[in-house]
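Peer 1: Shown below is the structure under consideration.
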């Protein structure tokens, strides 16, 4: 067995220590994100940042980090959420209330995508997987099954929307585009739950989109749909139209006093 | 060859004679054909229900030919593409086939459903007419009770029909019905299990509802309708009080021939309206609801309008759960078992309650105007208000959503409204009744306003009033208040030319008013009698 002097042992220990420090430091340098070194933004994201800095920054703050009491941080919400909120006119919001409602959008779709690209490049997050305006065609019948189980309890069988508690509501799907429907399922805006890809696969989301779009374009075979509200408007119709018409008929047939 | 004499004009008389020789129907038939109907439009409200019922039988028979109340699971292969390859019950499949593959099936389904809504609506409006005019008083208490029974039978019949297609909406309704039965203390689970043949939904419930819907309940309804109409014939029709009308006669038109033609025409109008609604307005789009699955409950799930007040009472009920002696009384028990229990029994006893309170045991064939019974009118208004608050609360989520109101606010508005709106309705209806009565009395005492203003020597202006009858020393009319219609315009007295009568257009041409300054004409003897 080789024996060493105490001095030599101290030298080897120091060398091992040094090697370990170099290794740890090296790995740290390799895997740690650098606070200073920002990746350059793409052209679209730069356009988006310009829009952000004029229209969004007052509530969502510098670099989308959020402002306490005004707007949440947008880091990690992804381009899907941004595109949904901006395309439907919900953002920029007029005020804080039970629910921010759909209105005439301030930005066009191209600008919404630029904003989305900016937020995406800042913090990542869910993205709409198809580039065009329309989603890939899905199986309508399967979409119907999934819609009835997952969506109809708030948006109603007709997609016309419904009330939630305390002034909140599930909006009508009447104006929703394929991209907005997908983005809403993926990101769960406002009171809507998130339907992640492990709950509804992208193909199932396409099925639901196909069903909803078919539901909207489908002509009511039974005549005027009375708003597809169900028995409430049917009950109003039988009194306001049916009974009133027959009361007039009775007045015509028989005397008044 | 001798030509045989053949007179066409003799055929009806001869045929009738031959029939009478064999069946001796002339005497009873004469009584029926001569039955007199008083002429007033509100007396036709019950007919709307009767005619709707006939249309329900006709369309229902058509639907029964194609519908199969089976809960056997099938794979849909019909022509409605959004449901292709979806698993569903045979009942739902045949309902879809009725809508999409049977010729004329959809309009039949829609007419059936609209006729059902109209049937119940006409019953309720008819019942309100009976109530407000006191037509339920002795001797007609039994017919009032039968009418109430028919409302609740129609309610059950309608609910059974609503449940049959086995779509998601009807399944949701059936689930709620099973929950209501389960909420009954002690016996609830037994009742539910025996009706559903085990746990909800089981496999037998649709066949049971079907036999109830197409056989038992219509049979009972038909029997009650027969008794109801038979009693009207036996007890005679009520009539408004007026000149020549007493408790012992009926003034009106004979049933045959004019009234039969009127009624036949009215049936066609009702049929036409239902066909129109069935063709133009979509009702119960079962294909949008999808097949029933326990996990599927759509927003905006409501029952048909006549059940909606129970949905409303359920929505308004606070979550008060009572545990007593080891049993639980869920909050659902109060609004859906106790409340309809009260609503179905107390109104049935109302004729007796009122007779006791007013100490009126008399026999009444003359109707009362609502203004002449302010308490009853107020009570009726309160009842309608109570019902309406509940019914609107049954659709409060739709109202909240479409009018941008918080659903919680709607619920609280319903809870508070249920307590304060009926008393307000009672007060207002009673005050309005008294006010109308007061105005009648005023016209009887002081006469009709003529519109002629007189300037007195002292500068005072007064309106000249036309007394309706000879006046006493104080210038007050001597006609007593008897609850008849009091004329309130000069032209109703014939003073300003014939009154414009007729609902849609004047029957008579208006006559130019007489020359200015002419005194109002004296009332003729005939007119005096009329008032």
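Chains as they are written, first to last, in my numbering: chain S, 1 to 257; chain R, 1001 to 1531.
Think of the CB as a built atom: it goes at the ideal place given N, C-alpha and C, for glycine as much as any other residue.
From a predicted model like this one, the values you see are computed outputs, not experimental measurements.
1) For a contact defined as C-beta to C-beta under 7 Å, what are the partners of residue 277 of chain S on chain R?
2) Quick one, are the C-beta atoms of residue 1070 of chain R and residue 1099 of chain R less than 8 Å apart?
3) Starting from residue 1323 of chain R, follow the beta strand (DSSP E) in both directions and report where the run begins and ends.
4) Check residue 1327 of chain R in the structure and name its three-state DSSP category.
5) Can you pull out the residues from the segment 215-238 of chain S whose beta carbon lies closer than 9 Å to at least one beta carbon of chain R?
6) Under 8 Å Cβ to Cβ from residue 67 of chain S, same chain only, skipping five residues before and after it: list those, please.
7) Using a Cβ distance threshold of 8 Å, determine whether the segment 1416-1424 of chain R contacts the segment 1377-1394 of chain R, with at least three qualifying pairs required.
8) Chain S partners of residue 1305 of chain R, CB-CB under 9 Å?
9) Please classify residue 163 of chain S: does DSSP put it in a helix, a strand, or coil?
10) CB-CB under 8 Å to residue 1355 of chain R, same chain, minus the five flanking residues each way: which ones, in chain order?
11) For residue 1278 of chain R, which residues in the same chain have their Cβ closer than 6 Å to its Cβ, ignoring the five residues on either side in sequence?
12) Do residue 235 of chain S and residue 1167 of chain R have their beta-carbon atoms positioned less than 8 Å apart in this structure?
13) Are the C-beta atoms of residue 253 of chain S and some chain R residue less than 8 Å apart?
14) What are the boundary residues of the beta strand (DSSP E) that includes residue 1072 of chain R?
15) Sorted by chain position, which residues of the same chain lie with C-beta nearer than 6 Å to residue 1446 of chain R's C-beta, five sequence neighbours on each side aside?
16) Could you pull out every unbroken alpha helix (DSSP H) segment of at least 4 residues lying fully inside the segment 169-234 of chain S, listed in chain order?
17) Could you compute how far the alpha carbon of residue 70 of chain S sits from the alpha carbon of residue 247 of chain S?
18) Helix, strand or coil for residue 1037 of chain R, going by three-state DSSP, please let me know.
19) Between residue 1294 of chain R and chain S, is any beta-carbon pair separated by less than 8 Å?
20) In chain order, what residues of the segment 156-167 of chain S put their CB closer than 8 Å to some CB of chain R?
21) Look at the alpha carbon of residue 91 of chain S and the alpha carbon of residue 1401 of chain R, and state the distance between them as a whole number of angstroms.
22) What does residue 1167 of chain R pair with, by DSSP beta-bridge criteria?
23) Between residue 1434 of chain R and residue 1339 of chain R, what straight-line distance do the alpha-carbon atoms span, to the nearest angstrom?
24) Give the DSSP-derived three-state secondary structure of residue 1093 of chain R in the structure shown.
25) When the cut-off is 8 Å and only beta carbons count, does residue 1229 of chain R lie next to chain S?
26) Determine, using beta carbons only, whether residue 114 of chain S and residue 51 of chain S come nearer to each other than 8 Å.
27) Could you tell me whether any Cβ in chain R is nearer than 8 Å to the Cβ of residue 118 of chain S?
28) Out of R:1393, R:1046, R:1249 and R:1135, which one is the CA nearest neighbour of residue 1350 of chain R?
29) With a threshold of 8 Å between beta-carbons, can residue 185 of chain S be considered close to chain R, or not?
30) Three-state secondary structure (DSSP) at residue 1452 of chain R?
31) Under 8 Å, with one C-beta from each stretch per pair, do the segment 79-88 of chain S and the segment 178-191 of chain S reach the 3-pair mark?
32) In terms of alpha-carbon separation, which member of R:1140, R:1197 and R:1086 lies closest to residue 1073 of chain R?
33) Run through DSSP, which three-state label would residue 1375 of chain R get?
34) Leaving aside the five residues before and after residue 39 of chain S along the sequence, list all residues of the same chain whose C-beta is less than 8 Å from its C-beta, in chain order.
35) Straight-line CA distance for residue 1046 of chain R to residue 239 of chain S?
36) Taking residue 149 of chain S as the query, report the chain R residues whose CB atoms sit under 9 Å from its CB, ordered along the chain.
Peer 2: From the atom records:
1) The question about residue 277 of chain S has no answer here: the residues shown for chain S are numbered 1 through 257.
2) Going by beta carbons, residue 1070 of chain R and residue 1099 of chain R fall outside the 8 Å limit.
3) Counting along the chain, the beta strand (DSSP E) containing residue 1323 of chain R begins and ends at 1322-1324.
4) In the structure shown, residue 1327 of chain R sits in a strand (DSSP, three-state: E or B).
5) Cβ proximity to chain R below 9 Å picks out 215, 218, 220, 221, 222, 223, 224, 225, 226, 227, 228, 229, 230, 231, 232, 233, 234, 235, 236, 237 and 238 from the segment 215-238 of chain S.
6) For residue 67 of chain S, same chain residues with a beta-carbon under 8 Å away, outside a window of 5 residues either side, are 58, 59, 60 and 61 in chain order.
7) Counting Cβ pairs under 8 Å, three or more are found: they touch.
8) Ordered by position in chain S, the residues that pass the 9 Å Cβ test against residue 1305 of chain R are 231, 232, 234, 235, 236, 238 and 239.
9) Reduced to three states, the DSSP call for residue 163 of chain S is strand.
10) Answer for residue 1355 of chain R: 1137, 1138 and 1361, listed in chain order.
11) Taking C-beta separations shorter than 6 Å and ignoring five residues to either side along the sequence, the partners of residue 1278 of chain R in its chain run 1107, 1110, 1111 and 1114, following chain order.
12) Not in contact: residue 1167 of chain R and residue 235 of chain S (Cβ atoms no closer than 8 Å).
13) Yes, its Cβ sits closer than 8 Å to a Cβ of chain R.
14) Note, residue 1072 of chain R: premise wrong, no beta strand (DSSP E); not H, not E.
15) Within the same chain, and ignoring the five residues on either side of residue 1446 of chain R in sequence, the residues whose Cβ sits closer than 6 Å to its Cβ are 1465.
16) If you keep only unbroken alpha helix (DSSP H) runs of at least 4 residues inside the segment 169-234 of chain S, you get 178-187 and 202-217.
17) Residue 70 of chain S and residue 247 of chain S have their alpha carbons spaced roughly 57 Å apart.
18) Strand.
19) For residue 1294 of chain R, the closest Cβ of chain S is not nearer than 8 Å.
20) Going along the segment 156-167 of chain S in chain order, one finds 156, 157, 158, 160, 161, 162, 163, 164, 165, 166 and 167 with a Cβ nearer than 8 Å to chain R.
21) Residue 91 of chain S and residue 1401 of chain R have their C-alpha atoms some 21 Å from each other.
22) Paired residue(s): R:1291.
23) It is roughly 32 Å from the alpha-carbon of residue 1434 of chain R to the alpha-carbon of residue 1339 of chain R.
24) Correct three-state label for residue 1093 of chain R: helix.
25) Not one chain S Cβ lies under 8 Å of residue 1229 of chain R.
26) A Cβ-Cβ contact shorter than 8 Å links residue 114 of chain S with residue 51 of chain S.
27) By this cut-off, residue 118 of chain S is not an interface position.
28) For residue 1350 of chain R, the nearest C-alpha among the options comes from R:1135.
29) Residue 185 of chain S does not count as touching chain R.
30) Strand, per DSSP.
31) Judged by Cβ distances under 8 Å, the segment 79-88 of chain S makes contact with the segment 178-191 of chain S, as three or more pairs qualify.
32) Selected option, being the one with the closest Cα: R:1086.
33) Looking at residue 1375 of chain R - three-state DSSP - the assignment turns out to be helix.
34) Within the same chain, residue 39 of chain S has close Cβ partners 121.
35) Whole-angstrom Cα-Cα distance: 15 Å.
36) Within chain R, the C-beta atoms nearer than 9 Å to that of residue 149 of chain S come from 1293, 1295 and 1296, in chain order.
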